[in-house]
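Residues in the sequence shown are numbered from 157 upward in steps of one, following my numbering. In what follows, a structure is listed as C-alpha cells, so that the remarks can point back to it.
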Amino acid sequence: MKWTWIHALAAALLFAGCSQTETELRVGASPWPGNAPFFLAADDGRLGNQVRLVEFASETATLQAFRNRALDVAILTLDEAVLLASEGHAVRIAALTDISVGAGQILARPPLGGVKALRGRRVAVESTGVGAFILAHALRQSGLTVADVEIVTLLPHEQAGEYEAGRIDAAVTHEPYAGRLRASGAQIAFSTGQMDNDLIRAVVVRDTCLQDHPGRLRKLVQALYASRTALADEATMARAARRYGQAPAQFGAAYAGVRPLGEADNAAYFAGGARKLLDVLAHIHEEMQIAHLIDAPVELAQLLTRVAP
C-alpha cells in the first residue's frame, strides 16, 4: 500500500505553525475511500505546486496534527470539526467533499447480529476520531449507550490482529481495513448508510489561513472538485485500488459506499444562510452532547465560511 503514514508527533516536528509562505498549503487526510481522488490528484500534480498533501494513518493522527498546527487544512468529518471547535480551535468548514452512505461499518463476530447484540461485548473503536461518533449513534439507535459495551481503543489498522486473536468482538472500521476483518469472518452489524446523511466529510480550515491565503484555498477547492471525476473510468479505479492495496472489485465496492459532493451539492448545503448544513450540524451537535463526546457547546454558525472555486 503506497502511503506516507505520518503520525501526529512526527508531523509536529516536521512542520511548525500555519504556513506563512506562498510556497505550499499543508493539507492532511486519512486513507478514507472517499479521499482516493485527492491522493491520485496529488500524485499527478493536479493539486498544484502550492499544495502539500500529507497522508496520515488514521483520523486520530490527522486531528492531532491539526491541533499541533502541523496542518493548515484537513479533510475531516463534520463531527470532528465540531470536536475541534469545542476544544477552542478556531476552525471553519470551507467545503464538503463526500457523504458516507455505507463505507463506514461496525463489523461483529458471528453469530452476533445487529447492534443490540453488542451489549457487554468488547468493541474496538478509534475513540478519538469519527469512530466514536459512529458507535454512539449506532448504540443510541438501538437503545444502548457506550456504558453498555466494553470499549477497546484501537486505531483501524490495529483492529484485525486483535480480532483474529479473539481479543475483540466487534470493530468500528472502514476500508481499506474492513476487508481483512471480513476475511476473518466478521459481519456487518451497522453501516453509515443508516445515519441519515450525518457522516459528511469536509475541508476544514484554520481561520488564520482562511484570512491569509484565500486564493490558494479557492484553487485547492477547485482542484478537489475536479479530482472527483477522475474515478469515473475503469483504469483510474484500478489505479486507486492498487494504491489502497486492494483488488479493483474490492475497492469499487468500498467506494460505492461514498457519495461525492461537488460544487452544486455545496451550493445547496450553503444556500439560504447554510440552512441545510446547519440542520445537519445541529443534529450532530445534539448527538455529541448526549454521548458526552464534547465538553463545551459550539456556536455552529461561526464554523461556516464557504470557499467557492
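Built from N, CA and C at the ideal position, the CB exists for glycine as well. It should be emphasised that the depicted structure is a prediction, and the values quoted were computed from it without experimental measurement.
- When DSSP states are grouped into helix, strand and coil, I255 belongs to the strand group.
- Taking 4 residues as the shortest admissible run, the stretch 248-331 contains the following complete alpha helix (DSSP H) segments, listed from N- to C-terminal end: 286-297, 312-320.
- Residue pairing by DSSP puts R182 in a beta bridge opposite R208.
- Taking C-alpha positions only, A192 is separated from A396 by approximately 6 Å.
- In this structure, R362 lies near F222, with their beta-carbon atoms less than 9 Å apart.
- Proximity to A358 across L252, R225, F346 peaks at L252, based on C-alpha coordinates.
- Going by beta carbons, Q315 and Y333 fall inside the 9 Å limit.
- As computed with DSSP, F346 is found in a beta bridge with I262.
- Around the CB of G341, fewer than 16 other CB atoms lie within 10 Å, so the residue is classed as exposed.
- Distances from the CA of A250 to each of A185, Y411, K432, R374 were compared; the closest alpha carbon is that of R374.
- By the Cβ neighbour-count rule, R182 is buried, with 16 or more other Cβ atoms within 10 Å of its own.
- Listed in chain order, the alpha helix (DSSP H) runs fully inside the stretch 387-430 are 390-399, 404-411, counting runs of at least 4 residues.
- Shown here, L460 sits in a strand according to DSSP, grouped into three states.
- Counting of Cβ neighbours within 10 angstroms places N205 among the exposed residues, the total staying below 16.
- Classified as exposed, R323 has fewer than 16 neighbouring CB atoms from the shown chains inside 10 Å of its CB.
- Nearest C-alpha to Q367 among D228, H330, L417, E318: D228.
- Looking at G270, H293, S256, the one whose alpha-carbon comes closest to that of Q445 is H293.
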